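**Student:**
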Amino acid sequence: MAIQFKINEHVAVITLDGQLPGNTLSVSDLMHLRKTLSACQDDEQVRVIVLTGVGERAFCCGVTPREVLRTSPGGIAGALKSRDTEAEEGGHARLPDLTDLEIWKPIIAAINGACLGAGLELALQCDLRIGVAHASFGLPQVREATICAAGGVQHLLRVIPAAHAMKVLLTGEPISAQEAARIGLVSDLVAGEHLMPMALDLAERIAANGPLAVQSIKRLALHSAHLNPRDFATQAHLHWGLLRDSQDQAESRLANVEQRPPRYTGN
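Using our numbering, the letters of the sequence shown map in sequence onto residues 5 to 271.
1) Pairs of beta-carbons, one from the segment 123-143 and one from the segment 185-200, closer than 8 Å: are there three or more?
2) Taking the C-alpha atoms as reference points, what is the distance between residue 231 and residue 225?
3) Label residue 83 either buried or exposed according to how many other C-beta atoms from any shown protein chain fall within 10 Å of its C-beta, with 16 as the threshold for buried.
4) For residue 27 and residue 177, what's the separation of their Cα atoms in angstroms?
5) Assign residue 249 to buried or exposed, taking buried as 16 or more other Cβ atoms, counted over all protein chains shown, within 10 Å of its Cβ.
6) Does residue 39 come out as helix, strand or coil in the three-state DSSP assignment?
7) Buried or exposed for residue 47, going by 16 or more other Cβ atoms inside 10 Å?
8) Can you tell me where the alpha helix (DSSP H) with residue 235 in it begins and where it stops?
9) If we count Cβ pairs, one from each stretch, closer than 8 Å, do we get three or more for the segment 138-151 versus the segment 120-128?
10) When you compare the segment 105-116 with the segment 205-225, are there three or more beta-carbon pairs, one atom per stretch, that lie closer than 8 Å?
11) Leaving out five residues before and five after residue 168 in sequence, what residues of the same chain have Cβ atoms less than 7 Å from its Cβ?
12) Please report the straight-line C-alpha distance between residue 266 and residue 152, rounded to a whole angstrom.
13) So, is residue 56 buried or exposed, given that buried needs 16 or more other C-beta atoms within 10 angstroms?
14) Which residues bound the beta strand (DSSP E) around residue 112?
15) Going by C-alpha to C-alpha distance, which of 58, 81, 49, 43 sits closest to residue 22?
16) Going by DSSP in three states, residue 222 sits in which element: helix, strand or coil?
17) What are the uninterrupted segments assigned as beta strand (DSSP E) that are 3 or more residues long and contained completely in the segment 166-214, given in chain order?
18) For residue 211 versus residue 52, is the C-beta distance shorter than 9 Å?
19) Since residue 29 contacts residue 6 with CB under 8 Å, what's their CB separation in whole angstroms?
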């Protein structure tokens, strides 16, 4: 199975197990990934998601080559159909774009190797990225006379400074893990055996916080970053007001009085 899935306490781990050598994903794999992420969003037990790849060679290097060569509907004809229908007819380009799924639970990308093409587009949509020292990163589409179809240009420009992003985008050349850390594409680099322990530790620390507050922070970060200060402060106050009346807020206040760790339920 190309998409492995398990839940430990409040942390869901999704492992990409595609085709070698680049751990590439088929259309059906991408559809399975999307359904798994949606299920995590709706599952109250899940508070944080960790996305990683199998083995030590590759996180994900995009779509399986034979899928790229499949006959697909014309560009505008496919784009006007639902993503599932377009995919069934051979069009895969929109599937790595996760924005329509509205996943507000934090996603941590534990990047275990090469992270290229649509694989990097998936990682860029995660909220935190950590990687191994031998990982590599790139969006090589321009070298194949095409562009990132799932928002890779815009996502990269949101994550790292424009000068570095444009160099990666226009050359199509991969960068090392060390360079990725230097420019802020990943926050931490570790040896391979420490990758998942670090990712799970980080996930558990996040999961210990108020679940609704965590999702509100992610939603605000994505929806209000482009607003002027007055407008984004207004949005923050609205979310603060909603959280003020939650059961978790009451539990936080009670736990503080009783001098014990809070027991959050996501309500």
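Even glycine gets a Cβ: it sits at the ideal position worked out from N, Cα and C.
Please read all numbers here as calculations on a predicted model, not as lab measurements.
**Tutor:** Quick answer:
1) yes
2) Along the sequence shown, one-based indexing puts residue 231 at 227. Along the sequence shown, one-based indexing puts residue 225 at 221. When rounded, the distance between both Cα atoms is 11 Å.
3) Translated into positions along the sequence shown, residue 83 becomes position 79. Residue 83 comes out exposed.
4) Here residue 27 is taken as the residue at index 23 of the sequence shown, counted from 1. Here residue 177 is taken as the residue at index 173 of the sequence shown, counted from 1. Their backbone Cα atoms lie some 19 Å apart in a straight line.
5) Position 245 of the sequence shown holds residue 249. Exposed, by the Cβ-count rule.
6) Residue mapping note: residue 39 aligns to position 35 of the sequence shown, counting from 1. Looking at residue 39 - three-state DSSP - the assignment turns out to be helix.
7) Mapped onto the sequence shown, residue 47 falls at position 43. Its Cβ having fewer than 16 others within 10 Å, residue 47 is exposed.
8) Here residue 235 refers to the residue found at position 231 of the sequence shown. Taken as a continuous stretch (DSSP letters only), the alpha helix (DSSP H) holding residue 235 covers 233-248.
9) yes
10) yes
11) Numbered from 1 along the sequence shown, position 164 holds the residue referred to as residue 168. Contacts found: 187.
12) In the sequence shown, counting from the first residue as 1, residue 266 sits at position 262. In the sequence shown, counting from the first residue as 1, residue 152 sits at position 148. Rounded to whole angstroms, residue 266 to residue 152 spans 44 Å at the Cα level.
13) In the sequence shown, counting from the first residue as 1, residue 56 sits at position 52. It counts as buried.
14) The sequence position of residue 112 within the sequence shown is 108, counting from 1. First-last of the beta strand (DSSP E) with residue 112: 111-115.
15) The residue you call residue 22 lines up with position 18 of the sequence shown. Out of 58, 81, 49, 43, 58 has the C-alpha closest to the C-alpha of residue 22.
16) Indexing the sequence shown from 1 puts residue 222 at position 218. Here residue 222 sits in helix by DSSP.
17) 192-194
18) Along the sequence shown, read from residue 1 onward, the residue named residue 211 stands at position 207. Along the sequence shown, read from residue 1 onward, the residue named residue 52 stands at position 48. Yes.
19) Position 25 of the sequence shown holds residue 29. Position 2 of the sequence shown holds residue 6. Right, the Cβ-Cβ distance comes to about 6 Å (below 8 Å), so this counts as a contact.
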